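A short write-up of the structure that comes next.
2 protein chains.
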Amino acid sequence: MGQHTFTVVTDGSITSPRGFRAGGLHCGLKKTTRHDLGAIVCDVPATAAAVYTTNVFQAAPIKVTKESLANHTLRAVIVNSGNANACTGKQGEEDAFTMRAAAAKHLGVGEQDVAVASTGVIGELLKMDLLTSGIAALPSRISSESAAAEDFCQAILTTDLVKKEICVTLEVNGKQVTIAGAAKGSGMIHPNMATMLSFITTDAHIDADSLQQLLRETTDLTFNMITVDGDSSTNDMLLVMASGLADNDQLTPQHKDWESFAAAFRHVCEVLAQSIARDGEGATKLIEVSVSGAISDTSARVIAKTIVGSSLVKSAIFGSDANWGRIIAAVGRAGEPVNPETVNIRLGDIAVLTDSKPVPFNEDEALAYLKGDTVQIVVDLRNGPGKATAWGCDLTYDYVKINAAYRT
Amino acid sequence: MGQHTFTVVTDGSITSPRGFRAGGLHCGLKKTTRHDLGAIVCDVPATAAAVYTTNVFQAAPIKVTKESLANHTLRAVIVNSGNANACTGKQGEEDAFTMRAAAAKHLGVGEQDVAVASTGVIGELLKMDLLTSGIAALPSRISSESAAAEDFCQAILTTDLVKKEICVTLEVNGKQVTIAGAAKGSGMIHPNMATMLSFITTDAHIDADSLQQLLRETTDLTFNMITVDGDSSTNDMLLVMASGLADNDQLTPQHKDWESFAAAFRHVCEVLAQSIARDGEGATKLIEVSVSGAISDTSARVIAKTIVGSSLVKSAIFGSDANWGRIIAAVGRAGEPVNPETVNIRLGDIAVLTDSKPVPFNEDEALAYLKGDTVQIVVDLRNGPGKATAWGCDLTYDYVKINAAYRT
Chain A
539 MGQHTFTVVT DGSITSPRGF RAGGLHCGLK KTTRHDLGAI VCDVPATAAA VYTTNVFQAA
599 PIKVTKESLA NHTLRAVIVN SGNANACTGK QGEEDAFTMR AAAAKHLGVG EQDVAVASTG
659 VIGELLKMDL LTSGIAALPS RISSESAAAE DFCQAILTTD LVKKEICVTL EVNGKQVTIA
719 GAAKGSGMIH PNMATMLSFI TTDAHIDADS LQQLLRETTD LTFNMITVDG DSSTNDMLLV
779 MASGLADNDQ LTPQHKDWES FAAAFRHVCE VLAQSIARDG EGATKLIEVS VSGAISDTSA
839 RVIAKTIVGS SLVKSAIFGS DANWGRIIAA VGRAGEPVNP ETVNIRLGDI AVLTDSKPVP
899 FNEDEALAYL KGDTVQIVVD LRNGPGKATA WGCDLTYDYV KINAAYRT
Chain B
539 MGQHTFTVVT DGSITSPRGF RAGGLHCGLK KTTRHDLGAI VCDVPATAAA VYTTNVFQAA
599 PIKVTKESLA NHTLRAVIVN SGNANACTGK QGEEDAFTMR AAAAKHLGVG EQDVAVASTG
659 VIGELLKMDL LTSGIAALPS RISSESAAAE DFCQAILTTD LVKKEICVTL EVNGKQVTIA
719 GAAKGSGMIH PNMATMLSFI TTDAHIDADS LQQLLRETTD LTFNMITVDG DSSTNDMLLV
779 MASGLADNDQ LTPQHKDWES FAAAFRHVCE VLAQSIARDG EGATKLIEVS VSGAISDTSA
839 RVIAKTIVGS SLVKSAIFGS DANWGRIIAA VGRAGEPVNP ETVNIRLGDI AVLTDSKPVP
899 FNEDEALAYL KGDTVQIVVD LRNGPGKATA WGCDLTYDYV KINAAYRT
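Note that the protein sequences, when read in sequence, are chains A and B. Positions 539 to 946 (this note's numbering) are the ones given, in order, by the first sequence. Positions 539 to 946 (this note's numbering) are the ones given, in order, by the second sequence.
Below, the structure written as structure tokens:
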């Protein structure tokens, strides 16, 4: 919306914002040789904020991170893959604190300055000897080089093979500010849990409360608007660190460039969220559902998520089937106020339902459109000002194959 | 719970309760030769009650049925398959009223005494010439013979090949009372909508308000506790007719045999609901999730439905994978209060999680159990008195095949 006041930096990474370094390596938690331990480090105390899974069963690392974030400041985050350290009881909690302590020691920062994240197998204790050896070896691998940033991006992945990364730059009161992000999500192979982890770095100077508020609002419009499957796992976390080294005047909602910054931040989160949705287990297509005309934005969000989360809609899209009936059924069961006589539905530019009645359309054109790798479902309820967009993916044979742990 | 005071009548049908006749035929709405038009008729005015889809987009026949049920009395229900008469606008409404009028005329009852139900293709107008010809031919096919009841059961099916039927008998103040039911659901082939239709007949003498209340409460424990996919379609309906010809003292909650009658009624609904769940698209297994120890029954229901509706749990069951992690993740994201440290999970008799920590179990035993056609997931939250049971089915390749309209 409005003018794009930011620029995408195509070769940027999480170490592009000033003050940030990163790195990753293989310490042995994963059975393969792939990287499984990484860290992002900030040269100065960074203003930090996070949002976590709403799942009641929060993994041990989340508890530790919440403690570190109590003073809204971090110097580093240590992340491992290959083991979620979830459902591991008291020992798991102790291990998460030990992980934090080891990272603090070897990175030369205070324990309270380190956040912890884990993803992977659940119900198994961390192999602490391998982990602590890895943490000891990590500092020498940490730099601001793009190769080191790449190592970090790989280290956080579980079964997703595609790293997810974005970097943008903009001006804030004449100073260049960079925002970057790296994420993982949507890999699901027994006995792993789907976990969504996103790490955002920026050199913006911003106060803690403003950053937390911006993160929360943006999460509600992006990461909380994707549905691959199963919604919240035990480990989902989104963490942002702001070094302040861009030296702009402190950002608050009252800053004249606040909206520009928020728009750039939102773009980073939106791109990461969409890439997670597109990389959903077995997915061949990204589905974007845009709802307008709801009674409120909140109502539009519920409806959009219901549509994109519907197995019936998802399988129809997999089959490139212009099945508006399933879309309208999803609208109708979302539990939100809808005028049953004023609904318009488009698939891309192709109108399929107008005033809640089917309209003729070119079947070949629709088929060709639906065979593409991005499908837009556009629903106009014409019943109010509310709008929202949600993202998901198609439901395929590969989804079943991956999640049924099918062994031929 | 408690003693079974009813007996299952294995060769019973919806015409077993006194006063009821039924029949079905093929009138041409379905492209195949299968039956697509049926009716249940009561010799006397029957006390009637119904519950309908909560989907905002209620199909035309539902509107007509609601009008007929305003005085809680019916003589007949006319049902067609092959066309849901949904999303058909004003013409569809007129057609539904015409269908009612034709049935009333040929069955020799008042229009207000006839309920209407449709299932099948959506967005297409009914072929009224074929329908009215069929209705004119129907009376000669209606009888109390079991073959005629069978015709009705077949006439309401869409893609489900398995008819769903149950009949029980019990004593109410010394009089024999029979309750029977026929249902359809869970067939999903483009462009049909999944529709759940259930028809219950009984010769019990019962007042209208008590019947409506019993229906609503029982529906919440049975039909509303199944998840195949997509929950509420545009046409879901559950209808019960009570002829009163058993001549018992009028049943109300104050009747000494009320609990027995309610238990028998619940069993009928439970069996029909489970059979719909088992016949879910592509399903190979019925999944029964029992939750206890929630803070309330309502809370337990939400949790049970979240578990049985989880694609991750459903695919794991398809793969015969004892993946307790996905079950606990579903518990945790249901949005209900849960003590994260006191959860026990069993698969059948096999304990897999105790006090929220994994326990060793015999993998071969678990695999053998999960390969069966009925899987029980038993979750004890140990956090209150609330309990509930929900039913669903596994997520398979065939589900995707059916719903992606995949044509090789």
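Here a beta-carbon is modelled for each residue, glycine too, at the ideal position from N, C-alpha and C. Computed from a prediction, not measured in an experiment: that's the story for all the values here.
Inter-residue CB distance, residue i and residue j (contact presumed, cutoff 8 Å)
i, j, result
"V615/A", "A577/A", "7 Å"
"A687/A", "S551/A", "4 Å"
"K701/A", "G620/A", "Contact flag wrong, Cβ pair sits at about 16 Å."
"D745/B", "T790/B", "6 Å"
"N786/A", "V710/A", "4 Å"
Test: residue i CB closer than 8 Å to a CB of chain B
i, result
"T934/A", "yes"
"L824/A", "no"
"C931/A", "no"
"V602/A", "no"
"I866/A", "yes"
Residue-level contact to chain A via CB, residue i, 8 Å cutoff
i, result
"S894/B", "yes"
"P878/B", "yes"
"F544/B", "no"
"L567/B", "no"
"G725/B", "In this prediction, G725/B scores a pLDDT of 48, lower than 50, which makes its location untrustworthy; the coordinate-derived value is nonetheless stated afterwards. Judged by the 8 Å Cβ criterion, G725/B is not in contact with chain A."
"V594/B", "yes"
"D859/B", "yes"
"P729/B", "Any answer about P729/B is weak, because its pLDDT of 34 lies below 50 and its placement is not dependable; what the coordinates show is given next. Closer than 8 Å: yes."
"N941/B", "yes"
"S849/B", "yes"
Spatially closest choice to residue i from the options, by CA coordinates
i, options, result
"Q812/B", "L669/B, G820/B and I825/B", "I825/B"
"M775/B", "K701/B, A653/B and V876/B", "A653/B"
"S853/A", "A942/B, K925/B and I845/B", "A942/B"
"I866/A", "S798/B, T553/B, G557/B and A624/B", "A624/B"
"G672/A", "D689/A, T757/A and C565/A", "C565/A"
"L612/B", "I680/B, V582/B, T591/B and V594/B", "V582/B"
"E683/B", "F558/B, D785/B, N621/B and A642/B", "F558/B"
"E874/A", "E879/B, H793/B, N593/B and T571/B", "N593/B"
"T626/A", "V827/A, A584/A, N773/A and H793/A", "N773/A"
"A928/B", "P896/B, N882/B and S828/B", "S828/B"
"N861/A", "V897/A, Q792/A and I841/A", "V897/A"
"D549/A", "I717/A, L645/A and T636/A", "I717/A"
"L575/A", "I680/A, G646/A and G661/A", "I680/A"
"V876/A", "A721/A, N921/A, A842/A and H805/A", "N921/A"
"H805/A", "Q750/A, S606/A, T670/A and E703/A", "E703/A"
Beta-carbon gap between residue i and residue j smaller than 8 Å
i, j, result
"I855/B", "V913/B", "yes"
"A926/A", "D817/A", "no"
"V778/B", "A693/B", "no"
"A642/B", "E649/B", "yes"
"I833/B", "G924/B", "yes"
"I888/A", "F899/A", "yes"
"R556/A", "S830/A", "no"
"I915/B", "L891/B", "no"
Residues of its chain near residue i, where Cβ-Cβ distance is below 6 Å and the 5 sequence neighbours each way are ignored
i, result
"F544/A", "V706, L708 and A802"
"G930/A", "T765, A815, I825 and V846"
"L908/B", "S858"
"Y590/A", "I600 and M775"
"E879/B", "S894"
"R839/A", "A926"
"A640/A", "T670 and I673"
Contacts around residue i, its chain only, beta-carbon distance under 8 Å, and the 5 residues preceding and following it disregarded
i, result
"E808/B", "L759 and T760"
"A904/A", "A860, L885, I888 and V890"
"Q714/B", "T707, L708 and A784"
"R871/A", "T844"
Residues near residue i in its chain [Cβ-Cβ closer than 7 Å; skip 5 each side]
i, result
"T571/A", "H564"
"L752/A", "A800 and F803"
"L668/B", "C565, G566 and L567"
"A868/A", "T844, I845, S848 and V851"
"S663/A", "Checking the sequence, you will find Leu at residue 663/A rather than Ser. Correct list, in chain order: T626, Q629, G630 and D633."
"H573/A", "G562, L563, H564, D689, Q692 and A693"
Cβ-heavy atom distance, residue i to the ligand COA, below 7 Å
i, result
"T696/B", "Here there are no bound small molecules, and the ligand COA is not part of this structure."
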